[in-house]
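Worksheet: the structure to be examined is printed underneath.
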Amino acid sequence: MTEQKFDLDQIRAVIRIASESPDVAELEVESPTLKISVKKVSGGVRAVASQPAGNPVAVHGAPGHPAPAGPAAVSGDHLVPVTAPMVGTFYRAAKPDAPPFVSEGDIVEPGQTVCIIEAMKLFNEIQSEVRGRVVRILVDNASPVEYGQSLMLVDTTAS
Amino acid sequence: MTEQKFDLDQIRAVIRIASESPDVAELEVESPTLKISVKKVSGGVRAVASQPAGNPVAVHGAPGHPAPAGPAAVSGDHLVPVTAPMVGTFYRAAKPDAPPFVSEGDIVEPGQTVCIIEAMKLFNEIQSEVRGRVVRILVDNASPVEYGQSLMLVDTTAS
Amino acid sequence: MFRKLLIANRGEIAVRVIRACRELGIRTVAVYSDADRHALHVRLADEAFCIGPPAAAESYLNIPNIMSTAELLGVDAIHPGYGFLAENPHFSEICQDVNITFVGPPPEAIAIMGNKAAARQRMKAAGVPVVPGSEGPVRNESEALHISNSVGFPIIVKASAGGGGRGMRVVHTREDIRRALQTAQAEAEAAFGSGELYLEKYVPEPRHIEVQILADRHHNVIHLGARDCSIQRRHQKLLEESPPPGVRERFISALGKAAVRAAHAINYTSAGTVEFLVDRDGHFYFMEMNTRIQVEHPVTEMVTGTDIVKLQIKVAAGEKLGINQGDVEIRGHAIECRINAEDPRHDFRPSPGTVAAFVPPGGPGVRVDTHAYAGYAIPPYYDSLLAKVITWGANRDEAITRMRRALMEFEIAGVPTTIPFHLMVLDNAFFRRGEVYTNFVQRRIDLSTLTPRPAQS
Amino acid sequence: MFRKLLIANRGEIAVRVIRACRELGIRTVAVYSDADRHALHVRLADEAFCIGPPAAAESYLNIPNIMSTAELLGVDAIHPGYGFLAENPHFSEICQDVNITFVGPPPEAIAIMGNKAAARQRMKAAGVPVVPGSEGPVRNESEALHISNSVGFPIIVKASAGGGGRGMRVVHTREDIRRALQTAQAEAEAAFGSGELYLEKYVPEPRHIEVQILADRHHNVIHLGARDCSIQRRHQKLLEESPPPGVRERFISALGKAAVRAAHAINYTSAGTVEFLVDRDGHFYFMEMNTRIQVEHPVTEMVTGTDIVKLQIKVAAGEKLGINQGDVEIRGHAIECRINAEDPRHDFRPSPGTVAAFVPPGGPGVRVDTHAYAGYAIPPYYDSLLAKVITWGANRDEAITRMRRALMEFEIAGVPTTIPFHLMVLDNAFFRRGEVYTNFVQRRIDLSTLTPRPAQS
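So, in structure tokens, the structure goes:
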């Protein structure tokens, strides 16, 4: 079965609507391809998104604010994000002309370098903490990344 | 299967309708392609009134605010309030030494005077609009009453 | 000083009066309609009493219920705010009859200024310049023609009992006079119950400049400088500022003296505003006097450091003003934007609804007068004023920049507001240069270019 | 002027700096920790960047991440606010190294004032009165005894690197000196990493009066009058006012001149505050200088009509102040109450939680600086300041009455606040008379009588 990707912008949009409505405690919207349930908690929003054949994914957003791509932004039973441990510039390869450390579809091992973050003129190698398949690289090469930003998603059930 | 986008304006509109209806606690709408469920934040005074059809409807008062003594504050299948049609002083009798128009337990007929409200030196006789038994007089004699304040409750099932 | 005061009003002005009373140590009674049970003025007052159903005629204009409440709760004064009963001489008289102080001028002063033609005659006699025109009401077409010939075209036909642009017609040629008289009379009769009309020379592109005055019962009358209220739409003020831009201090002083003369001429007491029309050559003409506190009074408070509502209550209690003209010093510049629950993209249609989020601006030089809060449901029965944002700056530039900043950070979700409109005005080059006139919005603002409010980022 | 400025701070001061930048036309970058994702400064800034986990040491004090953000987003200036990195000369130096303007004084000025003993020596040399005491650090007990004999008991032992009351001991007799030195040293070492101590004559019941100064890079230094910050609890300021009550203008002028001398002596630029201890006979002594913007700067803004943060940014960009001492005019009186999310009934314990309802006060003479809003969750990681309410009045009485009114109408639900405490102070007869001193709260306020806040009605 092919992996279906969530439309993250849709999820963010629904969460934003729930967040901006102080009267609303829970919101559920459902279309033939996607169902999103939002349950609000004090100070934030808890959301569950599911696709017909998929497992639920918890999504946290910021009320009245573009959903940050923070460490808790995307996680699930089997999708583990690699997050930025510092602020800096994200590089997929050690040098501009070198091959990327990993590409989507690659299997990574714990401790394997998956990218570099340059901060204060220092190049910091970022390692995967889990074994699995890189299903998505979320950040463009040479982009600035925030602390905690999800850089890529690793599917730990893949082999 | 093609990816369908949520109509965000539709979701917002449904939330707005729910928010603007203080009587509504939950709202669910469904079309072949979209289903929206809204559950509102609870808080404040909660009263339960029955609709003729028999389905309970949750009614929320203003949080952090005394429950209004208005006509909607107390209602039910069979209890009908007599409310003040003007601001003034509530009197149970025509004169200080006269017997009260009605007492708890009395049966009243439509059009029967049940009390007087003095406003601008004028004595206004207040009539019951229904037939039933006066089960409770809510205001002390010679007290000021607001517009719409419930003065007494009449049980229309009594005979 | 009063012990307990009833506020016969709602919305931001009711909140404003409660604030003044709290600072004066006066207990407050709020009255409210069924639609205003959760209103802020009800929450802030010491006591609150429901006076009727939502319709204003049965609640905020319901004199019997208001007076009953006043007597039942033992108040010794009533503040009418603006609108509703504020300029009703009958209400003011009833208060007098039952020995409750009406916080406003004597009924006679209200009555004179309520009749435009009578006011005009009185002002002329007092040496306050008026626009050339008819002496009193015009009875027929030939009289109107005669006057038009002497003051010259264009002329304007106005209703004696008028206001808000109804019963008004501009006439450019003698041929159009008859029809103008007919339609204006019909409109005036429908709107005010009186078809009495008068004529004035029409001043093209005038500015609306008004003077805040304060008068006590000891014959002290002072003015607190002038406000420019030229930014209007359909005769509704939208943005006001003090001092008026591009005007010399000497001119404001002359306006102020004329306003004080006007107040003396009708034995005025309380706070009031004398409105002038100012033409392109700097001539000014008496337009009307508002015998009440005005929406835009805060801009004057910001530049003078006074509290006009507190002073208004103080003089109503018979006290002396305590400040004289020499004490009044204008500092810096202040602007007010009226934030209405209206959609400027759809012809400013009123948009009641629930305010889902409400984060007012703050920081230096920003004042907010509002009765709204997060979760507030705007009732559809009353006017659409939701909040007044007033900014102060050391000069006009700073006041404008600060207003821009304040409006950008003002978060109101759930209902459209006039904020995008105000941002357009603030960014307009003519406005920035102080080139304002009562048809500024028509002439300089293209409402069709109003885009949805830009996101914060 | 700067093009883009990063605010290395959070809370109300980050919002304050964003407001100043917006009025100056400077784009803003907010940085935030994981705990502040929903913070107002993040929402108001043009760009926002997460710099670390909740702990301040890993986020708001994380120099590498802050500098990386500054470089990645191409800012040309960093404003440090107060606290965190504001008085860290190392951070200021790093900014210099990478050609980003630090909105604050030069690192040398920060460093001098960061060392209490060095600052004292420098001030003495510049002719600014200091409390009699040791010349520089005391090395041992016999030296301490010698100094104590010459200035007379009681004396106070202080940590050179100190602040906030830690590493401080009052000594009344020569017998107690040894123990005081030992405990103060231990405390200072634990708190500041340096056990260096110095001695001063102890001034009983002093007032804390400070002077706001502004200095540009063109050798212009002015002062904006004085603030009284005597209402403190455990060396934390709670209520500040300007001008200080019951003090002559001549005295404030003398304080101001001393503060300007202090600034010149260390080649100070930017906004800063020189704090003085004032004894019962009206002698004043230099205490310390805060080389940053202060929490209480708004009271000075309210009485002078200046915007200190805008001026601070302006001089950081190399511009001239544009106002001289003669332009500074004090008008009326202003008071600030710090509304902390603390429970004054339980020893002011910090009380993070979610702000369920938040309706700030408004109306005339009221300013609110806050980062809170309805629904805001106060994180437990940072200080408990929730809002600053500042009121202005034509005189001190009006400012106090207005503050009382503003605090009564301030609705904060969900967390306890210091509002009930402030109402007690405002109602205190000694406070009303202006009898304040740094131990006022201990001596005049009985916290055990604090009752739950009275209901609005």
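Residue numbers (the working numbering), protein chains in the order written: chain A, 1 to 159; chain B, 1001 to 1159; chain C, 2001 to 2457; chain D, 3001 to 3457. Don't be surprised by glycine CBs; every beta carbon is placed ideally from N, CA and C.
Worksheet item: With distances taken between CB atoms, is the gap from D:Cys-3229 to D:Glu-3210 smaller than 8 Å?
Response: Along the fourth sequence, read from residue 1 onward, the residue named residue 3229 of chain D stands at position 229. Along the fourth sequence, read from residue 1 onward, the residue named residue 3210 of chain D stands at position 210. Yes, Cβ-Cβ distance for D:Cys-3229 and D:Glu-3210 is below 8 Å.
Fill in: Cβ pair D:Pro-3054, D:Tyr-3376 closer than 8 Å
For the purposes of this step, residue 3054 of chain D is identified with residue 54 of the fourth sequence, where counting begins at 1. For the purposes of this step, residue 3376 of chain D is identified with residue 376 of the fourth sequence, where counting begins at 1. In this structure, D:Tyr-3376 does not lie closer than 8 Å to D:Pro-3054 by Cβ.
Worksheet item: Within the chosen definition, does the region 2346-2360 of chain C reach the region 2020-2031 of chain C through at least 3 CB pairs nearer than 8 Å?
Response: Too few Cβ pairs lie closer than 8 Å, so no.
Discussion item. For D:Val-3274, which residues in the same chain have their Cβ closer than 6 Å to its Cβ, ignoring the five residues on either side in sequence?
Written reply: The sequence position of residue 3274 of chain D within the fourth sequence is 274, counting from 1. Hits under 6 Å: Val-3211, Ala-3259, Ala-3262 and Met-3289.
Worksheet item: Between C:Gly-2246 and the rest of its own chain, which residues show a CB-CB distance below 7 Å, the 5 nearest in sequence each way excluded?
Response: Residue numbering aside, residue 2246 of chain C sits at position 246 when the third sequence is read from its first letter. Scanning its chain for C-beta atoms nearer than 7 Å, with the 5 sequence neighbours on each side dropped, one finds around C:Gly-2246 the residues Gly-2434, in chain order.
Worksheet item: Sorted by chain position, which residues of the same chain lie with C-beta nearer than 6 Å to C:Glu-2196's C-beta, five sequence neighbours on each side aside?
Response: As a position in the third sequence, residue 2196 of chain C is number 196, starting the count at 1. Here C:Glu-2196 has Pro-2137 and Ser-2160 as same chain residues with Cβ atoms under 6 Å from its own Cβ, once five neighbours each way along the sequence are excluded.
Item to complete: Please state whether DSSP places A:Lys-35 in a helix, a strand or coil.
Response: To locate residue 35 of chain A, count along the first sequence from 1; it is residue 35. It is a strand residue.
Worksheet item: Leaving out five residues before and five after B:Gly-1054 in sequence, what residues of the same chain have Cβ atoms less than 7 Å from its Cβ?
Response: The sequence position of residue 1054 of chain B within the second sequence is 54, counting from 1. Caution applies to B:Gly-1054, whose pLDDT of 29 falls short of 50 and renders its modelled position unreliable; the value that the coordinates give is listed next. Listed in chain order, the non-local C-beta contacts of B:Gly-1054 below 7 Å within the same chain number zero, local neighbours out to five positions each way being set aside.
Worksheet item: Around the C-beta of C:Asp-2097, are 16 or more other C-beta atoms found within 10 angstroms, so that it is buried, or is it exposed?
Response: By 1-based counting over the third sequence, the position of residue 2097 of chain C is 97. With fewer than 16 Cβ atoms within 10 Å of its Cβ, C:Asp-2097 is classed as exposed.
Worksheet entry | Any 3 or more C-beta pairs closer than 8 Å across the region 3404-3416 of chain D and the region 3355-3362 of chain D | With a cut-off of 8 Å, the region 3355-3362 of chain D and the region 3404-3416 of chain D count as touching, because enough Cβ pairs lie within range.
Fill in: Exposure of D:Val-3170, with buried meaning 16 or more beta-carbon neighbours within 10 Å
Against the fourth sequence, residue 3170 of chain D aligns to sequence position 170. By the Cβ-count criterion, D:Val-3170 is exposed, with fewer than 16 other Cβ atoms from all chains shown falling within 10 Å of its own Cβ.
Item to complete: Could you list which residues in chain B have their beta carbon closer than 9 Å to that of A:Ile-15, in chain order?
Response: Here residue 15 of chain A corresponds to residue number 15 of the first sequence, with the count starting at 1. Result: empty, since nearest Cβ-Cβ is about 11 Å, beyond 9 Å.
Worksheet item: In chain order, what residues of the same chain have a beta carbon less than 6 Å from the beta carbon of C:Arg-2166, not counting five sequence neighbours either side?
Response: The residue you call residue 2166 of chain C lines up with position 166 of the third sequence. Glu-2187 and Ala-2191.
Practice prompt. Excluding the 5 residues preceding and the 5 following C:Phe-2049 in the sequence, name in chain order all residues of the same chain whose CB lies nearer than 6 Å to its CB.
Written response: Taking the third sequence and counting its residues from 1, one reaches residue 2049 of chain C at position 49. Taken in chain order, the residues that qualify are Val-2031 and Thr-2069.
Practice prompt. Tell me where the alpha helix (DSSP H) around C:Thr-2300 begins and ends.
Written response: Translated into the one-based positions of the third sequence, residue 2300 of chain C becomes position 300. That run of the alpha helix (DSSP H) goes 2297-2304.
Worksheet item: What are the boundary residues of the alpha helix (DSSP H) that includes C:Val-2442?
Response: The sequence position of residue 2442 of chain C within the third sequence is 442, counting from 1. Looking at the sequence shown, residue 2442 of chain C is not Val but Gln. C:Gln-2442: member of the alpha helix (DSSP H) spanning 2440-2444, first to last residue.
Discussion item. Quick check on DSSP: helix, strand or coil for B:Pro-1056?
Written reply: Counting from one through the second sequence, the residue named residue 1056 of chain B turns up at place 56. Note that B:Pro-1056 scores a pLDDT of 29, beneath 50, so its modelled location is shaky; the value from the coordinates is reported in the next line. B:Pro-1056 carries a strand assignment under DSSP once its states are collapsed to helix, strand and coil.
Fill in: Anticipated Cβ contact below 8 Å, C:Glu-2319 with C:Glu-2240, distance rounded
In the third sequence, residue 2319 of chain C corresponds to position 319, counting from 1. In the third sequence, residue 2240 of chain C corresponds to position 240, counting from 1. About 28 Å separates the Cβ atoms of C:Glu-2319 and C:Glu-2240, ruling out a contact at the 8 Å cut-off.
Worksheet item: Which residues in the same chain have their Cβ closer than 8 Å to the Cβ of A:Val-145, if we skip the five residues on either side of it in sequence?
Response: In the first sequence, counting from the first residue as 1, residue 145 of chain A sits at position 145. Excluding its 5 nearest sequence neighbours in each direction, A:Val-145 has C-beta neighbours in its own chain below 8 Å: Ala-84, Val-87, Gly-88, Thr-89, Phe-90, Ile-117, Val-139 and Leu-151, listed in chain order.
Worksheet item: Taking the continuous alpha helix (DSSP H) assigned at D:Met-3067, which residues delimit it?
Response: For this step, residue 3067 of chain D is matched to residue 67 along the fourth sequence. Segment 3063-3072, the alpha helix (DSSP H) holding D:Met-3067.
Discussion item. Between which two residues does the beta strand (DSSP E) holding A:Val-29 run?
Written reply: For the purposes of this step, residue 29 of chain A is identified with residue 29 of the first sequence, where counting begins at 1. Start and end: 24-30.
Practice prompt. Anything in chain C within Cβ reach of B:Tyr-1147, meaning under 7 Å, just list it in chain order.
Written response: Mapped onto the second sequence, residue 1147 of chain B falls at position 147. Listed along chain C are Cys-2050, Ile-2051, Gly-2052 and Asn-2065, each with a C-beta nearer than 7 Å to that of B:Tyr-1147.
Worksheet item: Would you say D:Thr-3069 reaches chain E, if we count a Cβ-Cβ gap shorter than 8 Å as a contact?
Response: No chain E is part of this structure, whose protein chains are labelled A, B, C and D.
Discussion item. Is C:Ala-2056 near the ligand MG - that is, is its Cβ less than 7 Å away from at least one heavy atom of it?
Written reply: The ligand MG is not among the ligands present in this structure, which contains no ligands whatsoever.
Discussion item. Is C:Gln-2072 close to chain B? Criterion is C-beta to C-beta, closer than 8 Å.
Written reply: Reading the third sequence from its first residue, position 72 is the one you call residue 2072 of chain C. One point to set straight first is that residue 2072 of chain C is Leu, not Gln, in the sequence displayed. For C:Leu-2072, the nearest beta carbon of chain B is closer than 8 Å to its own beta carbon.
Discussion item. Suppose you measure from the CA of C:Asp-2216 to the CA of C:Leu-2321; what does that come to, to the nearest Å?
Written reply: Position 216 of the third sequence holds residue 2216 of chain C. Position 321 of the third sequence holds residue 2321 of chain C. Between the alpha carbons of C:Asp-2216 and C:Leu-2321 lies a distance of about 6 Å.
Worksheet item: In chain order, what residues of the same chain have a beta carbon less than 6 Å from the beta carbon of B:Gly-1070, not counting five sequence neighbours either side?
Response: By 1-based counting over the second sequence, the position of residue 1070 of chain B is 70. Its pLDDT being 36, under 50, B:Gly-1070 is placed unreliably by the model, and the measurement read from it follows with that caveat. Closer than 6 Å at Cβ, skipping near neighbours: Gly-1148.
Fill in: Same chain only: Cβ atoms within 7 Å of D:Leu-3044, ignoring 5 sequence neighbours per side
Numbered from its first residue, the fourth sequence carries residue 3044 of chain D at position 44. Val-3015 and Ile-3018, listed in sequence order.
Worksheet item: How far does the beta strand (DSSP E) with D:Phe-3421 in it reach, from first residue to last?
Response: On the fourth sequence, residue 3421 of chain D is found 421 positions in, with the first residue counted as 1. No beta strand (DSSP E) holds D:Phe-3421; the alpha helix (DSSP H) holding it covers 3419-3427.
Worksheet item: Going along chain C, which residues have a C-beta under 7 Å from B:Thr-1089?
Response: By 1-based counting over the second sequence, the position of residue 1089 of chain B is 89. Simply Leu-2072.
Worksheet item: Using a Cβ-Cβ cut-off of 6 Å (strictly less than) and excluding sequence neighbours within five positions of A:Val-74, which residues of its own chain qualify?
Response: For the purposes of this step, residue 74 of chain A is taken as residue 74 along the first sequence, with counting starting at 1. Unreliable positioning characterises A:Val-74 in this predicted model, as indicated by a pLDDT of 40, which lies under 50. A coordinate reading is not provided.
Worksheet item: Who are the neighbours of B:Leu-1034 on chain A, taking C-beta pairs under 8 Å?
Response: Sequence index remark: in the second sequence, residue 1034 of chain B carries index 34 (1-based). Within 8 Å Cβ-Cβ: Val-29, Glu-30 and Ser-31.
Item to complete: For chain C, find out if any of its Cβ atoms is closer than 8 Å to the Cβ of B:Pro-1081; answer yes or no.
Response: Your numbering for residue 1081 of chain B matches position 81 in the second sequence. B:Pro-1081 is outside the set of residues whose beta carbon lies under 8 Å from a beta carbon in chain C.
Item to complete: In angstroms with no decimal places, state the Cα-to-Cα distance between D:Ala-3491 and D:Thr-3370.
Response: Shown here, chain D extends from 3001 to 3457; a query on residue 3491 of chain D therefore has no answer.
Worksheet item: Which bits of chain B does A:Glu-26 rub up against, with CB to CB less than 8 Å?
Response: As a position in the first sequence, residue 26 of chain A is number 26, starting the count at 1. Per Cβ cutoff of 8 Å: Ser-1037, Val-1038 and Lys-1039.
Discussion item. Report the CB separation of D:Ile-3303 from D:Gly-3225 in whole angstroms; it is logged as a contact under 8 Å.
Written reply: One-based indexing of the fourth sequence puts residue 3303 of chain D at position 303. One-based indexing of the fourth sequence puts residue 3225 of chain D at position 225. The sequence as given places Val at residue 3303 of chain D; Ile does not occur at that position. Yes, they are in contact, since the Cβ atoms of D:Val-3303 and D:Gly-3225 sit about 7 Å apart, within 8 Å.
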